[in-house]
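For the sequence shown, my numbering begins at 352 and goes up steadily by one. Cβ coordinates follow ideal geometry from the N, Cα and C atoms, glycine included. Remember, it's a predicted structure, so these values are computed and weren't measured experimentally. A short worksheet on the structure shown next.
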Amino acid sequence: MIYMIIREVECKSILTKSKISNYAVNCYVGCMHSCVYCYARYMKRFTGHNEPWGQFVDVKINSPDILKKQVKKAKVGEVFMSSACDGWQQIERKYRVSRQCLKILLENGFHVSILTKSCVIEDDLDIIEGSDTELGFTLTTFDDKLCRKIEPRASLTKYRIETLKIAKKKGIKIWAFLGPFMPFLSDTDENIDSLFSNLAEIGLDYIYVDKLNPRPCVWESIKAFLIGNYPYLLRNYGKIMYDQQYREKYINNLKQLILSKAKRYDLSQKISMVFS
Ligand code: SF4
Numbered sequence: 352m353i354y355m356i357i358r359e360v361e362c363k364s365i366l367t368k369s370k371i372s373n374y375a376v377n378c379y380v381g382c383m384h385s386c387v388y389c390y391a392r393y394m395k396r397f398t399g400h401n402e403p404w405g406q407f408v409d410v411k412i413n414s415p416d417i418l419k420k421q422v423k424k425a426k427v428g429e430v431f432m433s434s435a436c437d438g439w440q441q442i443e444r445k446y447r448v449s450r451q452c453l454k455i456l457l458e459n460g461f462h463v464s465i466l467t468k469s470c471v472i473e474d475d476l477d478i479i480e481g482s483d484t485e486l487g488f489t490l491t492t493f494d495d496k497l498c499r500k501i502e503p504r505a506s507l508t509k510y511r512i513e514t515l516k517i518a519k520k521k522g523i524k525i526w527a528f529l530g531p532f533m534p535f536l537s538d539t540d541e542n543i544d545s546l547f548s549n550l551a552e553i554g555l556d557y558i559y560v561d562k563l564n565p566r567p568c569v570w571e572s573i574k575a576f577l578i579g580n581y582p583y584l585l586r587n588y589g590k591i592m593y594d595q596q597y598r599e600k601y602i603n604n605l606k607q608l609i610l611s612k613a614k615r616y617d618l619s620q621k622i623s624m625v626f627s
């Protein structure tokens, strides 16, 4: 059993400028999903949390009130919701701050794109339906056991796919973010094939793909995960992350594999690689 620290906090601003979109809205700091590869854990450097990543969540309790004020002054544009910490993690069922913010944005003419790993978003399809909101899920593996290890408290991929199907039936624009792939675990031919074969059936509007990046704080988490689960992979992961020649070769092979699967399942036109 995981001991989770939940704090209700007040924010001064919730609609923030973003490099990915015009704006970002994130109603939580911290994420119960606790993904091994989570890049957002760098936030701890600035927030002062002592708890391990995945064991604390700050709920920006006043975010709807602040957003109502901000949208009156902000130029209407595109908003990426849940870009940093998952806005639809289980705690959202109690607080509904992401839902309220989504509603405010739509009522004020903003175009919203959502990225989540949680089927809790199904609760909000009623307000998404009929809007131009784009709903995306991050997907990495259909292997339930591996999914539980690398994304411990997110919805299993098979359930994320079911939610995408429901959204599609409601006429909602759906997309997927594939990755980051864990070398030798979720980047296998079999795993990537099964992701693409499933995606081919659900009529996604577009797909982004990314690899594992050596972002701050991520290596420590991955290293601990490998030591506990796959110690024999540690050396090769180190090379993939930090040996430039080895990394380039690895990335190129992964890219080729992804492109071949996209072609096989007739998804080449929908795919964008965010590989750098
Ligand atoms: S769902 Fe996203 S924010 Fe949450 S732990 Fe996983 S990668 Fe991080």
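In terms of residue numbering, what span does the alpha helix (DSSP H) encompassing residue i cover?
| i | result |
| --- | --- |
| Y593 | 585-593 |
| A551 | 540-553 |
| F637 | Nothing can be reported for residue 637: it is not among the residues displayed for the chain, which extend from 352 to 627. |
| V410 | Unbroken run through V410 is the beta strand (DSSP E), 407-411; no alpha helix (DSSP H). |
| A572 | Contrary to the premise, residue 572 reads as Ser rather than Ala in this sequence. First-last of the alpha helix (DSSP H) with S572: 569-580. |
| I417 | 414-424 |
By a C-beta neighbour count over all protein chains shown, 10 Å radius and 16 as the cutoff for buried, is residue i buried or exposed?
| i | result |
| --- | --- |
| L330 | Residue 330 lies beyond the residue range present for the chain, which begins at 352 and ends at 627; the question has no answer from this structure. |
| E485 | buried |
| T508 | buried |
| N377 | buried |
| I455 | buried |
| V410 | buried |
| F654 | What is shown of the chain runs 352 to 627, which leaves residue 654 out entirely. |
| A575 | exposed |
| D322 | The structure shown has nothing for residue 322, since the chain only spans 352 to 627. |
| G438 | buried |
| L585 | exposed |
| S442 | What sits at residue 442 in the sequence shown is Ile, not Ser. So I442 ends up on the buried side. |
| P567 | exposed |
| R511 | buried |
| A468 | Looking at the sequence itself, residue 468 is Lys, so the reference to Ala does not match. With 16 or more other Cβ atoms within 10 Å, it is buried. |
| G522 | exposed |
Can you pull the DSSP bridge partners for residue i?
| i | result |
| --- | --- |
| G438 | Beta-bridge pairing links G438 to no other residue. |
| K375 | Note on identity: in this sequence residue 375 is Ala, with Lys being the wrong assignment. Bridge partners of A375: T367, F431. |
| E402 | According to DSSP, which records beta bridges pairwise, E402 is partnered with nothing at all. |
| S464 | F431, E485 |
| V380 | D409 |
| K524 | E485 |
| V471 | Per DSSP, none; premise fails for V471. |
| L490 | L529 |
If you drop the 5 nearest sequence neighbours on each side, which residues of the same chain put their C-beta closer than 6 Å to that of residue i?
| i | result |
| --- | --- |
| R450 | D475 |
| T514 | C470, E473 |
| S537 | T491, T492 |
| G554 | K519 |
| I356 | E402, F407 |
Taking residue i as part of the beta strand (DSSP E), name the residues at either end of that continuous run.
| i | result |
| --- | --- |
| S449 | No beta strand (DSSP E) contains S449, which is instead part of the alpha helix (DSSP H) from 448-458. |
| S623 | 622-624 |
| I357 | 356-360 |
| I558 | 557-560 |
Might you give, ordered along the chain, the residues of its own chain that have their beta carbon closer than 7 Å to the beta carbon of residue i, omitting 5 neighbours on each side?
| i | result |
| --- | --- |
| I602 | K562, F626 |
| G460 | V427 |
| A633 | No information on residue 633 is available, as it lies outside the stretch 352 to 627 that the chain covers here. |
| S372 | E429, V430, F431, S464 |
| P415 | V448, Q451, C452, I455 |
| F506 | Residue identity check: residue 506 is Ser in the sequence provided, not Phe. Correct list, in chain order: K468, S469, C470. |
Looking only at its chain, what residues have a beta carbon closer than 8 Å to the beta carbon of residue i, apart from the 5 residues adjacent to it on each side?
| i | result |
| --- | --- |
| Y597 | K590, I591 |
| Y374 | L366, T367, K368, A425, G428, E429, V430, F431, F461 |
| Q421 | S364, I365, L366 |
| S548 | Y616 |
| Y581 | F535, L536 |
Under 5 Å, CB to any heavy atom of the ligand SF4. Which residues pass, going along the chain? C382, H384, C386, C389, A391, C436, D437, K468
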